[in-house]
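Contents: one structure, followed by commentary.
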Amino acid sequence: MLGDAIATSESTHAGISALRLSRREFLRSSVGAGVAASVAFPRWASADTSELDPERAATLRAWTVQQTGPIIPPGRLHPLHGASRAGAAHVVQFGDRYTMAYWGSDKQGRNYILRAESPVNNPNQWVPVGEPLIGPEPNTDHNCRGPGFPFLLPVTDKHWLLYFCGWGRRADGKLANTTGVAISEDGGQTWRYHDGNPVLPLDRPYDAEGTGSVWVLHEQGRFRMYYTAIARYFPAPKGVKTGHGSVIPEIGVAYAESRDGIRWEKPFDDWVVRPRAFGVQPYEYICSKPCVVRDGATYTMWVNTFGTAYRVHRLVSRDGTKWQWSERVGPDGELGVGEKGSFDDRQRCYPTVIRHGNEYRCWYTGNGFGSTGMGYAVCRAE
């Protein structure tokens, strides 16, 4: 699966981005009494998206890519476990340092979640931290090839969750992707897989064929998950050029809620973001790997859309469930693509975005889903 399948269908996943809080601030503002396992919460009320500031909903600001080459190429930080891939990162801020969890692959195609750190005031001086956080589980069907697409969530000072997309095996040859979680009780120093993985059952029409990368917000004792969901495989419409051949997956962004970050409920009957099909050009059949940032009363979601290659587009929301597309920036999306011959001249995808002062900082994945490494871009946030 990790060869040709990734090169054509890795579209299935997403799950990277960033929280900007010191550890103490994070606990004070988000956690309260810690894991809210026993705290009941109401369904999240849907707001009327017509209340959105139309200028904010429509305005996109230009991203500036900081250098022409990758800031983290495969093998630079982790020569063994990241030899052939460095991508799909998630960045979290603790005080004056960033922690990055990213997807690495070795030369045999086995997948790992790796860790690096960098100073906030020099955000691309990344150094490796230790051994892989998690790796393949050979005796399982859901994660035998190892994890990708990490999302790192410190819940309390000691209790951390690490969500991932498992690469497994299926007898029918389709993408064997599901969502799992690993748990740390010592502030991210050691990890164990949750015994009940995968944590999202494939029990709805919109996720019947698989799930993948996630973004999780922890707000007022609620865990709110946005996840990549594969509904079905279907024949490509006549005359449509695709990146997956004549039979293509239909993939959108779904939503779930939890009290403890482990056991999830799915309150809606459909995706919260769906691909726009013939509504845009090229024909769009995938919206995946959400990255969600809340600024004041507005949620912003960056998604990876796919027609013939991944492109990054943006949506906004007042309540985090009803989403409105922002102004479309042509077929190449917000981040565009690099110059011919560069590491990202085919696609820029899988952004993880964090706010720093009056700017957004973005780490993205280049060509080959991380086989050429990761780049960095900034844009004005005000």
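Numbering (my numbering), first residue to last: 4 to 385. The C-beta atom is built at its ideal place from N, Cα and C for all residues, glycine as well.
- prompt: For S187, which option in E268, T159, V256 and E134 has the closest C-alpha, if you only look at C-alpha atoms?
  reply: Among E268, T159, V256 and E134, the Cα nearest to that of S187 is on T159.
query: Between I186 and the ligand ADP, is the CB less than 7 Å from at least one heavy atom?
result: As presented, the structure is devoid of all ligands, the ligand ADP included, so that no description of it is given.
task: Give a yes or no on whether the C-beta atoms belonging to R88 and E120 are separated by under 8 Å.
output: Taking 8 Å as the cut-off, the beta carbon of R88 is found no closer than this to the beta carbon of E120.
- request: Check whether the Cβ atoms of V381 and V296 lie closer than 8 Å to each other.
  value: no
- prompt: Does DSSP put N127 in a helix, a strand or coil?
  reply: coil
Pairwise C-alpha distance: V306 and N370: 17 Å
- prompt: What residues are listed by DSSP as bridge partners for T231?
  reply: According to DSSP, T231 bridges with V256.
message: For the segment 257 to 271 against the segment 299 to 318, do three or more pairs of beta-carbon atoms, one drawn from each stretch, fall closer than 8 Å, so that the two count as touching?
response: no
query: For K177, which residues of its own chain have a beta-carbon under 7 Å away from its beta-carbon, when the five flanking residues on both sides are left out?
result: Within the same chain, K177 has close Cβ partners E212 and Y236.
Reduced DSSP category for N180 - H, G, I as helix; E, B as strand; rest coil: strand
query: Can you name the start and end residues of the beta strand (DSSP E) that P157 belongs to?
result: G149 to P157
field: Burial state of F281 (16 or more Cβ within 10 Å)
entry: exposed
field: Y367 classed as buried or exposed, judged by whether at least 16 other C-beta atoms fall within 10 angstroms
entry: Looking at its Cβ environment, which holds 16 or more other Cβ atoms inside 10 Å, Y367 is buried.
- prompt: Applying the criterion that 16 or more other CB atoms from any shown protein chain within 10 Å of the CB defines a buried residue, is A21 buried or exposed?
  reply: For A21, the predicted structure reports a pLDDT of 38, less than 50, and the residue's modelled location is therefore unreliable. The matter cannot be settled from this model.
- request: Please list, in chain order, all residues of the same chain as C290 whose beta carbon is under 7 Å from its beta carbon, the five residues on each side excluded.
  value: In chain order, I254, G255, V256, V276, R277, P278, V306 and T308 place their CB closer than 7 Å to the CB of C290, counting only its own chain and leaving out the 5 sequence neighbours on each side.
query: From what residue to what residue does the beta strand (DSSP E) around I289 run?
result: I289 to D298
message: When you compare the CB positions of I116 and Y196, do they come within less than 8 Å of one another, or not?
response: no
- prompt: Which value, in whole angstroms, describes the spacing of the CA atoms of G333 and Q350?
  reply: If you draw a straight line from the Cα of G333 to the Cα of Q350, it comes to about 14 Å.
- prompt: Does DSSP put G373 in a helix, a strand or coil?
  reply: helix
message: Would you say K325 lies against chain C (beta-carbon separation less than 8 Å)?
response: Structure shown: chain C not included; a single protein chain is present.
task: Give the straight-line distance between the Cα atoms of D175 and I233, rounded to the nearest whole angstrom.
output: 15 Å
- request: Throw me the rounded Cβ distance for the L155 and A104 pair, which I believe falls under 8 Å.
  value: 4 Å
- prompt: DSSP puts A104 in a beta bridge; with which residues?
  reply: H93 and R118
field: Test item: CB-CB of Y353 and A91 under 8 Å
entry: Yes, these two residues count as a Cβ contact at 8 Å.
- prompt: Is R321 helix, strand or coil when you go by DSSP?
  reply: coil
- request: Would you mind sorting S249 into buried or exposed? The rule is 16 or more other CB atoms within 10 Å of its CB.
  value: exposed
- prompt: DSSP puts H247 in a beta bridge; with which residues?
  reply: In the DSSP secondary-structure assignment, H247 is not bridged to any residue.
task: Tell me whether the beta-carbon of Y209 lies closer than 8 Å to the beta-carbon of V217.
output: no
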